[in-house]
Amino acid sequence: MFQEYAPLIDAMPMAVALICKEELAYANRAFYQLTGCEATSSIQQCPQNLLELHRMARASAAPLEFAPFNVGDRHYLLQVEVKPVAVDGCEQGELLILEEVTERYWELQRMELAREVLDASLDGVMVTDANQRILMVNPAFTEITGYREEEVKGKTPRILLSGLQTKAFYERMWAQLNNTGVWEGELYNRRRNGEIYLERLRITAITNHQGEVQHYLGVFSDLSPLERARRTIQDLRYQDSLTGLPNRSYFMEYLEKRLARVQRDRLPFWIMLINLRRFRQINDSLGQRMGDEVLRTAAQRLEQALGRVCFLARLGADEFGVVCSTELDAAAVQQKAQRIVEAFDAPITVGRTTIPMSVAIGVAEATPTELYEREALLRCADLAMTAAKKSPSSSIGNCDTAHMRHVEHLYQLGAALRHDLDAQPQAFSAWLQPKVCVHTDAVATAELLARWRHDENWVSPAEFIPVAEEQGLIDRLFRIMLQQACEHLARLDAHGHPLRLAINISPLQLVKPTFAGDLLHEVQAAGIEPSRLILEITESSPVWQEGPARRALDQLTEAGFELSMDDFGTGYSSLALLKQLPVGELKVDRAFVDGLPDDAEDRQIARAIIGMGRALNKRIVAEGVETEAQYRWLKQAGVDLIQGYYCARPMPIDDFLAWLDAHDVGVGRCPTLQS
Numbered sequence: 000m001f002q003e004y005a006p007l008i009d010a011m012p013m014a015v016a017l018i019c020k021e022e023l024a025y026a027n028r029a030f031y032q033l034t035g036c037e038a039t040s041s042i043q044q045c046p047q048n049l050l051e052l053h054r055m056a057r058a059s060a061a062p063l064e065f066a067p068f069n070v071g072d073r074h075y076l077l078q079v080e081v082k083p084v085a086v087d088g089c090e091q092g093e094l095l096i097l098e099e100v101t102e103r104y105w106e107l108q109r110m111e112l113a114r115e116v117l118d119a120s121l122d123g124v125m126v127t128d129a130n131q132r133i134l135m136v137n138p139a140f141t142e143i144t145g146y147r148e149e150e151v152k153g154k155t156p157r158i159l160l161s162g163l164q165t166k167a168f169y170e171r172m173w174a175q176l177n178n179t180g181v182w183e184g185e186l187y188n189r190r191r192n193g194e195i196y197l198e199r200l201r202i203t204a205i206t207n208h209q210g211e212v213q214h215y216l217g218v219f220s221d222l223s224p225l226e227r228a229r230r231t232i233q234d235l236r237y238q239d240s241l242t243g244l245p246n247r248s249y250f251m252e253y254l255e256k257r258l259a260r261v262q263r264d265r266l267p268f269w270i271m272l273i274n275l276r277r278f279r280q281i282n283d284s285l286g287q288r289m290g291d292e293v294l295r296t297a298a299q300r301l302e303q304a305l306g307r308v309c310f311l312a313r314l315g316a317d318e319f320g321v322v323c324s325t326e327l328d329a330a331a332v333q334q335k336a337q338r339i340v341e342a343f344d345a346p347i348t349v350g351r352t353t354i355p356m357s358v359a360i361g362v363a364e365a366t367p368t369e370l371y372e373r374e375a376l377l378r379c380a381d382l383a384m385t386a387a388k389k390s391p392s393s394s395i396g397n398c399d400t401a402h403m404r405h406v407e408h409l410y411q412l413g414a415a416l417r418h419d420l421d422a423q424p425q426a427f428s429a430w431l432q433p434k435v436c437v438h439t440d441a442v443a444t445a446e447l448l449a450r451w452r453h454d455e456n457w458v459s460p461a462e463f464i465p466v467a468e469e470q471g472l473i474d475r476l477f478r479i480m481l482q483q484a485c486e487h488l489a490r491l492d493a494h495g496h497p498l499r500l501a502i503n504i505s506p507l508q509l510v511k512p513t514f515a516g517d518l519l520h521e522v523q524a525a526g527i528e529p530s531r532l533i534l535e536i537t538e539s540s541p542v543w544q545e546g547p548a549r550r551a552l553d554q555l556t557e558a559g560f561e562l563s564m565d566d567f568g569t570g571y572s573s574l575a576l577l578k579q580l581p582v583g584e585l586k587v588d589r590a591f592v593d594g595l596p597d598d599a600e601d602r603q604i605a606r607a608i609i610g611m612g613r614a615l616n617k618r619i620v621a622e623g624v625e626t627e628a629q630y631r632w633l634k635q636a637g638v639d640l641i642q643g644y645y646c647a648r649p650m651p652i653d654d655f656l657a658w659l660d661a662h663d664v665g666v667g668r669c670p671t672l673q674s
């Protein structure tokens, strides 16, 4: 009977042998290949360790698992099983079945190791079948979600849904997972106790050799600690640590968002800037600790006065900002502002010290009909606040629509100015206006005047020069003018007109410690002698009296530059200060020339300025001279040079050279009164 099934048994992959009375009655091909036994009739002639496995399996009620076996230098792990069998001619036979399980053993080892790794992982792990039924989870899954493995087995991951993601979110997730086999992202899930948490999840589809999905592996980490850290950082980034209010960064972002919405919602809103009057003096005299308490109390009073319909932030040391709700109309905003003023009627008490405190408030409106920039709106409110600070009768200043449009225009002008300075410096040109000596009719010098052509239109210097100073662009504009001044001097020399040129410098430049050195370096690098340049500075700035500016003036004159005081008679100079300053030239402001020779007051002022200049041995220039009558009066009064339309308008260098040639006025230095 056994022989009858021999072909079938011989084709089996496992090793099978029939032992009858210690003799090998039959063995298939796999048996001989695995054990190394030769085709023999006695099992005793097989390898010794096979005999030992045979005896052990005979005595065991269950198959031997992973029994070590070796043939020569080959080592295996076997599953060994002995079954009693009765066949024809062998009533007490044994069927010895051997199966190599080395790979199975190592697969189990790998699985056990993988399980240990999963158990030790801090990331949650979930394995599902192709139908998303949960097969297993690791301890970190339980730690994060609160669900034990036995609670979720057989269920789907929907048990964790928070409801915060939309249907479209999951549709996109599954579309990517089906297309690429992987999805990774952040989402909110719900713990067993109902708490919502943020997790970072990676899902991988596991397929068989045919590419069919067999399992899904989800690995996720709990981002709750990170989210809390983010919120803490966010608080630190956006919160003023002293008052607990939103800080300047938060205020700016909030205002930007509100401005973006004002066009869509078609609803105006107002902002306020609030200054604590005299706070700096209080802080300096009473100390920072006392100042901090004053700020905390002030913040509390502001919150109480404004209520919940306004966004309040601390912008700086003594300044707060408010963005009002669109629920408030103009009248309600004014009431809020008045309430703030009244909140500081009572002094602030810190310990035993009573501190009187008041505020100045600037109010500005953002309307749906105007496209306001954030900085322009703030600038408008700041101007209104400054007006309130100066006002003896009111603590509230308002920026009306006309004022707002003007500020917006200046802001846009500043943006255009910045753009052209960066991208189109050729839009700026240095024009020249001659200064003519009244004694010789010769052109003594010429003043460089900045001109700007933007979008095919000329922009008035009276507009763009103040904007350049206010927005920190004056130094870049000056560099362009200086470069052109050096180029103009070279062209004048080449045409036989060795003039000196006057160039205006801003008081803001003088206070920069490196200005004098940088200017000298640039002029020398261009091959120009400093004595060829006259530097004009307006008298109307108080920086003349400041240390850095005075040092810069001394450095410049020592290097060979000449200094000219522009707009003389309108500013801060005293006789004593004027005597000390290294100025070689005084320019009588056009305001005192316009009325000449008819206006008696202008005549008196002009004579006083000219007399002062002559007494101090300075060269006197009258600017804004437009008529022959003005020219004759000024010449008789004792000026040295005149400048204005009576002589020539400002003109580009090509026109200026042609003018010099056409008028044949001659070029030379005017006799100076300096000794």
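When you number the sequence shown by numbering that gives the first Met the number 0, it's gap-free, plus one each residue, and the end is 674.
The beta-carbon is built from N, C-alpha and C at its ideal position, and this holds for glycine as well.
Only a predicted model underlies this, so the values are computations on that prediction, with no experimental measurement involved.
Per DSSP, the unbroken beta strand (DSSP E) holding residue 275 starts and ends at 268–275. Between the stretch 479–497 and the stretch 654–662, the count of Cβ pairs shorter than 8 Å is three or higher; the stretches touch. Under the three-state reduction of DSSP output, residue 503 falls in the strand class. Residue 533 is positioned such that its CB atom lies closer than 8 Å to that of residue 563. Exclusion of the five residues before and after residue 529 leaves 519, 522, 558, 559 and 560 as the residues of its chain whose Cβ lies within less than 7 Å of its Cβ. Residue 584 and residue 387 have their alpha carbons spaced roughly 40 Å apart.
Within the stretch 77–123, complete alpha helix (DSSP H) segments of at least 4 residues are found at 101–119, given in chain order.
DSSP, reduced to helix, strand and coil, places residue 494 outside both helices and strands of the structure shown, so it counts as coil. For residue 52, the CB contacts under 6 Å within the same chain, skipping 5 residues up- and downstream, are 66 and 79 in chain order.
Taking the Cα positions, residue 287 is about 26 Å away from residue 389. Here the alpha carbon of residue 10 sits roughly 17 Å from the alpha carbon of residue 34.
In this structure the stretch 601–613 does not lie against the stretch 546–556, because fewer than three pairs of beta carbons, one per stretch, are closer than 8 Å. Its chain contains 410 as the residues whose beta carbon lies nearer than 7 Å to that of residue 374, once the 5 sequence neighbours on both sides are disregarded; these appear in chain order. For the 8 Å CB-CB criterion, residue 449 and residue 460 form a contact. Inclusion of residue 261 and residue 422 in the CB contact set at 8 Å is not warranted, their separation being larger than that value. With contacts defined as CB atoms closer than 8 Å, residue 317 and residue 278 qualify as a contacting pair. Residues 416, 473 and 476 of the same chain have their beta carbon placed closer than 7 Å to that of residue 467, with the five preceding and five following residues left out of the count. Nearest to residue 249 by C-alpha distance, out of 320, 274 and 347, is 320. Note that the C-beta distance between residue 161 and residue 189 is below 8 Å.
Residue 142 is not bridged by DSSP to any residue. In the three-state reduction of the DSSP assignment, residue 187 falls in the strand class. If you draw a 10 Å sphere on the C-beta of residue 274, you find 16 or more other C-beta atoms in it, and that means buried. In the three-state reduction of the DSSP assignment, residue 244 falls in the coil class. Here residue 127 is buried: its Cβ has 16 or more other Cβ atoms, across all protein chains shown, within 10 Å. With contacts defined by Cβ atoms closer than 8 Å, residue 480 and residue 361 do not form a contacting pair. Membership of residue 11 in any alpha helix (DSSP H) is not indicated, and neither H nor E is assigned to it by DSSP. Between the beta-carbon of residue 359 and that of residue 379 there is about 15 Å, and that puts the pair past the 8 Å contact cut. In the DSSP assignment, residue 453 falls within the unbroken beta strand (DSSP E) covering 442–453. For residue 428, the secondary structure class from DSSP, reduced to helix, strand or coil, is strand. Distance from the Cα of residue 453 is smallest, within the candidate group 443, 419, 242 and 440, for 419. The beta-bridge partner set that DSSP reports for residue 457 consists of 452.
The alpha carbon of residue 312 has as its nearest neighbour, out of 428, 244 and 647, the alpha carbon of 244.
The alpha carbon of residue 463 has as its nearest neighbour, out of 444, 408 and 511, the alpha carbon of 408. The C-beta distance from residue 458 to residue 451 rounds to 5 Å, short enough to fall under 8 Å. In the DSSP assignment, residue 214 forms a beta bridge with 128 and 205. The beta-bridge partner set that DSSP reports for residue 383 is empty.
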